[in-house]
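Scroll down for the structure; my scribbles are underneath it.
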Amino acid sequence: MKERLKLLASSAATLVALGAAPALAADPIKIGFSQGTMESSWRVNMVEGNRKYAEANLPDVKLLITNGENNASKQVSDVESLLAQGVKTLIVSPVTADALTPVVKRAMDAGVRVVTLDRKVNTDVTLHIGADNKLIGRTAGEFVCKTLNGKGNVIEIQGTAGASATVDRNVEFRKTLAAKCPGVKVVADQVCNYVREPAMRFTEDMLQRFKPGQIDLVYAHNDDMALGAVAALKAANRLSGVKVVGIDGENAAYEAIKAGDMVATFTYHFVAPEGVQYGHKVAKGEKLPKEIILPTHQVDATNVDKWIGKGF
Ligand code: AHR
């Protein structure tokens, strides 16, 4: 726990993986892991899952971990610092696609193998691993059409602007509503960076703007923000009229579905330990596909019992 707090609190450009060091090989393979932000428990799980796996199973790996603190410029400097330290493979979960693209391209041009996790960049990489955000956006759209019987008003709480996950979850959701249930309208939206507090404040504002009966559903790009919306709706005594949908598969979201406070979430893999497992294979020159797509599942009142306690 102390180690995790140290990792979260540090603003240093590079954090060498902390904790009880395994007996490292004499000349370990250096793998850099540039995490975009540690603001959500989903991302803490991504870092910790990969770090622990490397410590326990990959004695020939030295894993260097950085935290971009949800700031794309900081993350670009982190990547530059990892490259300067001679990493053989660079694992990166980019805050935003455009900002990280040039530095990733430079890394690829210099012969460093790059593995992107969850969010993408706009240039070729050695391997991308993650769940399919376009599919999630589409499936969420279909679920909302059905849940609202083709008619109603939706508030969309978006993740970080310019992150590929945000773009896909937004664009595919909107396209699906337009094609399958034009009677469902998104009446307001806001970027809340995948963080609970801003989502809660945004929902409070929306409850001032829209009177009871004017909002039918909140679609949030992750469970942290969906749970923020639930808290605001409960505090205003308005939850009974509004359905809430999230993404990620947090245990708290499963409990909320069970209690009737949320109607659905879509599981979103935090790519651990796959990130470092495949980063290691890539560093060793194993032939792999260009993309590994991890599964996603819809969890709602019909199947939540079998998911309770199986999230994070
Ligand atoms: O990029 C995807 C999102 O980033 C996850 O769904 C979210 O919880 C995280 O911060």
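Going by our numbering, the letters in the sequence shown line up with residues 12 to 323, in that order. The beta carbon of each residue, even a glycine, is placed where N, CA and C say it ideally should be.
Give the DSSP-derived three-state secondary structure of Y289 in the structure shown.
In the three-state scheme derived from DSSP, where H, G and I count as helix and E and B as strand, Y289 is classed as helix.
Identity of the residues DSSP links to T127 by a beta bridge
Partner(s): V103, H139.
Starting from the N-terminal side, write out each stretch of the alpha helix (DSSP H) that is 4 residues or longer and does not extend beyond the region 141 to 178.
144 to 158
Meets three-Cβ-pair contact criterion under 8 angstroms: the region 260 to 279 and the region 56 to 71:
no
Quick check: is any heavy atom of the ligand AHR less than 7 angstroms from the C-beta of D235?
yes
I226 classed as buried or exposed, judged by whether at least 16 other C-beta atoms fall within 10 angstroms
buried
Rounded distance between the beta-carbons of S45 and V90, thought under 8 angstroms
5 angstroms
Between the region 129 to 143 and the region 279 to 291, do at least 3 Cβ pairs fall closer than 8 angstroms?
Taking a contact to require three or more Cβ pairs closer than 8 angstroms, the region 129 to 143 and the region 279 to 291 qualify as touching.
Please give the ranges of any beta strand (DSSP E) in the region 203 to 245, keeping only runs that are unbroken, at least 3 residues long and fully inside the region.
With a minimum length of 3 residues, the continuous beta strand (DSSP E) runs that stay inside the region 203 to 245 are 228 to 231.
With distances taken Cα to Cα, identify the nearest neighbour of K63 among P284, Q96, V114.
P284
Counted within 10 angstroms of its Cβ, other Cβ atoms place G260 as buried (16 or more) or exposed:
buried
Span of the beta strand (DSSP E), counted from its first residue to its last, around V72:
72 to 78
Is G194 near the ligand AHR, in the sense that its beta carbon is under 7 angstroms from a heavy atom of that ligand?
no
Pull up the CB-CB distance for V106 and T48, whole angstroms please, since I reckon it's below 8 angstroms.
Rounded, the Cβ-Cβ distance is 6 angstroms, consistent with contact.
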